[in-house]
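Numbering (the UniProt record's numbering), first residue to last: 1 to 426. Positions of the beta carbon are idealized from the N, C-alpha and C atoms, including for glycine. Note that the coordinates shown come from a computational prediction; the quantities given were computed from them, not determined experimentally. One structure is given below, encoded as structure tokens.
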Ligand SMILES: Nc1ncnc2c1ncn2[C@@H]1O[C@H](COP(=O)(O)OP(=O)(O)O)[C@@H](O)[C@H]1O
Ligand SMILES: O=C(O)[C@@H](O)C(=O)COP(=O)(O)O
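Okay, structure coming up:
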């Protein structure tokens, strides 16, 4: 039998976030890094496969190409429904990539309608009257307005998505989602008749997501943050379980790589520094000037790893990031930092790090690729949306790794995560 749910995630932290919610809802999930090459073994005993792409901030045509390759693979694995996962803060620009990828998947699946909702109430992301809230404030008033690659300045998702797609975008509002799945289906029929191709769906609670999940049973494509995953597995009879969260015992040294510049990560770095633990700051301007910053970082690690965790971070305040971007360009600065942190991660693993926290979606993509990881097993949840995972390194060793979305996790995440690993997995 093939898989039930085939998922395409536009970044790596987002992929583990989605896999985590599916596992908690009772599915056996395999997470793959990029589309497997032809001839690669197919996962067995999986109810869902999540393919993690790094397609959020690449040119739209590249994101579409990668997503369609993932779709082809998932369909050949038997997926009955496709889930396009993007960020709970709807990270995108007028050029995409949420709109173009959604349209391309719809065309390839021959479907004329899908829903879109980034709601993830467990992490404070709610959608009301089509407007996205982050905690108590509108998206445009949250730290996302300063995101280095996808600044979000309009909280009205109907207009944000409308600017990225040729299809008409409608709204399934809370008065409908708050009722039941039948009411949602009736609203979908109405929107279809009016010519809409995509509907932003309100959701302010997990109950809303459960109702939405039931309403989209059988819909060829759904698009969402990870929240909708709470409501989908029940469509195939899955019930919540902890059985899927078993990982092998951890070993080796501990380190944290942080390339996220989000508000939550800034707080986590400050908290780590406050405890007086060892930390090395990666300065993009020094890297750009040709200095061997990754070499220095690894020299710093040598004597300190045994008593880790050791933190390596480029995390800075929005003002400092703007200064760097003005000098180097936003995309160039991002790439430079990602490349440097990925090199540090490679060196750390060579020096015996086997428990690694990575903060930031783009950063996680760069690190996981550099380490040659091709798949992840999902383990216990540290904070909503962030699980520990286990990966096989190319040499055969196991690496325990967690990919922390920039805005997720409590202030003590960089140490609490290791404490949880000790408690739950050892
Ligand atoms: N000090 C810095 N100056 C400029 N850009 C930076 C700096 N630190 C990190 N970046 C870049 O900012 C981007 C952060 O994105 P990401 O890793 O996805 O974090 P988040 O999950 O918070 O969005 C990455 O491309 C990263 O390389
Ligand atoms: O949906 C979310 O918020 C996360 O799963 C996610 O995609 C995070 O992306 P980054 O903030 O770039 O880590």
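### Query
Taking 7 Å as the cut-off, is the CB of residue 13 close to at least one heavy atom of ligand 2?
The count along the chain shown starts at 1 and reaches residue 13 at position 13. True, at least one ligand heavy atom lies under 7 Å from that Cβ.
### Task
Starting from residue 254, follow its DSSP beta bridges and name the residues at the other end.
Translated into the one-based positions of the chain shown, residue 254 becomes position 254. Answer is 355.
### Message
Buried or exposed for residue 137, going by 16 or more other Cβ atoms inside 10 Å?
### Response
To locate residue 137, count along the chain shown from 1; it is residue 137. For residue 137, the number of other beta carbons within 10 angstroms of its own is below 16, and it is reported as exposed.
### Query
Per DSSP, residue 404 forms a beta bridge with which residues?
Counted from its first residue, the chain shown places residue 404 at position 404. For residue 404, which the question treats as bridged, DSSP gives the partners 359.
### Task
Please confirm if the segment 268–288 is in contact with the segment 310–318, defined as three or more CB-CB distances below 8 Å between the two stretches.
Proximity of the segment 268–288 to the segment 310–318 meets the contact definition, three or more beta-carbon pairs being nearer than 8 Å.
### Message
For ligand 2, I want to know if residue 87 counts as a neighbour, meaning its beta carbon is within less than 7 Å of at least one of the ligand's heavy atoms.
### Response
The residue given as residue 87 occupies position 87 in the chain shown. True, at least one ligand heavy atom lies under 7 Å from that Cβ.
### Message
In whole angstroms, give me the CA-to-CA distance for residue 5 and residue 80.
### Response
Locating residue 5 in the chain shown gives position 5, counting from the first residue. Locating residue 80 in the chain shown gives position 80, counting from the first residue. Taking the straight line joining both Cα atoms gives about 6 Å.
#### Entry: For residue 361 and residue 260, the rounded distance between their alpha carbons
Position 260 of the chain shown holds residue 260. Position 361 of the chain shown holds residue 361. The straight-line gap separating the alpha-carbon atoms of residue 260 and residue 361 is approximately 8 Å.
### Query
Expressed to the nearest angstrom, what Euclidean distance is found between the alpha-carbon atoms of residue 400 and residue 303?
As a working note, residue 400 is residue 400 in the chain shown. As a working note, residue 303 is residue 303 in the chain shown. Taking the straight line from one Cα to the other gives about 22 Å.
### Segment limits, beta strand (DSSP E) that includes residue 216
Position 216 of the chain shown, counting from 1, holds the residue named residue 216. Note, residue 216: premise wrong, no beta strand (DSSP E); not H, not E.
### Query
Roughly how many angstroms separate the alpha carbons of residue 325 and residue 161, rounded to a whole number?
Here the question's residue 325 lines up with position 325 in the chain shown. Here the question's residue 161 lines up with position 161 in the chain shown. Rounded to whole angstroms, residue 325 to residue 161 spans 27 Å at the Cα level.
### Query
What are the start and end residues of each continuous alpha helix (DSSP H) run of 4 or more residues lying completely inside the segment 80–142, in chain order?
You should have 98–109.
### Query
Mind checking residue 306: buried by the 16 CB within 10 Å criterion, or exposed?
One-based indexing of the chain shown puts residue 306 at position 306. In summary, residue 306 is exposed, with fewer than 16 beta-carbon neighbours lying within 10 Å of its beta-carbon over all protein chains present.
### Message
Taking only three categories from DSSP, how would you classify residue 260?
### Response
Here residue 260 refers to the residue found at position 260 of the chain shown. In the structure shown, residue 260 sits in coil (DSSP, three-state: anything other than H, G, I, E or B).
### Task
Measure the CB-CB distance between residue 139 and residue 89 and report whether it falls below 8 Å.
Within the chain shown, numbered from 1, the residue matching residue 139 stands at position 139. Within the chain shown, numbered from 1, the residue matching residue 89 stands at position 89. In contact: residue 139 and residue 89 (Cβ atoms closer than 8 Å).
### Query
Which partner residues of residue 172 appear in the DSSP bridge assignment?
Walking along the chain shown from the start, residue 172 turns up at place 172. DSSP, once it has assigned bridges, lists 201 as partnering residue 172.
### Query
So what does DSSP say about residue 312, is it helix, strand or coil?
Counting from 1 along the chain shown, the entry for residue 312 is found at position 312. Three-state DSSP puts residue 312 in a strand.
### Message
If you follow the alpha helix (DSSP H) that residue 67 is in, where does it begin and where does it stop?
### Response
The residue given as residue 67 occupies position 67 in the chain shown. For residue 67, the enclosing alpha helix (DSSP H) has its first and last residue at 60–76.
### residue 59: CB within 7 Å of a non-hydrogen atom of ligand 1
If you number the chain shown from 1, residue 59 lands on position 59. In this structure, the C-beta of residue 59 stays at least 7 Å away from each heavy atom of ligand 1.
### Identified DSSP bridge partners for residue 398
Residue 398 sits at position 398 when you count from the first residue of the chain shown. Per DSSP, 392.
### Query
Taking 7 Å as the cut-off, is the CB of residue 124 close to at least one heavy atom of ligand 2?
Here residue 124 refers to the residue found at position 124 when the chain shown is read from its first residue. Using a cutoff of 7 Å, the CB of residue 124 does not count as near ligand 2, since none of the ligand's heavy atoms is closer than that.
### Query
Would you call the segment 185–205 and the segment 111–130 touching, i.e. three or more CB-CB distances under 8 Å?
Verdict: yes, contact present.
### DSSP-derived helix/strand/coil call for residue 373
The residue you call residue 373 lines up with position 373 of the chain shown. Coil at residue 373, not helix or strand.
### Message
Tell me the rounded alpha-carbon separation between residue 347 and residue 369.
### Response
In the chain shown, counting from the first residue as 1, residue 347 sits at position 347. In the chain shown, counting from the first residue as 1, residue 369 sits at position 369. Distance between the alpha carbons of residue 347 and residue 369 is about 14 Å.
### Message
For the structure I just gave you, are there three or more beta carbon pairs, one from the segment 248–257 and one from the segment 227–235, closer than 8 Å?
### Response
Output reads no: the segment 227–235 does not touch the segment 248–257.
### Query
By Cβ distance, which residues of its chain are closer than 8 Å to residue 433, with the 5 residues on each side in sequence left out?
Since the displayed the chain opens at 1 and closes at 426, residue 433 lies outside it and no answer follows.
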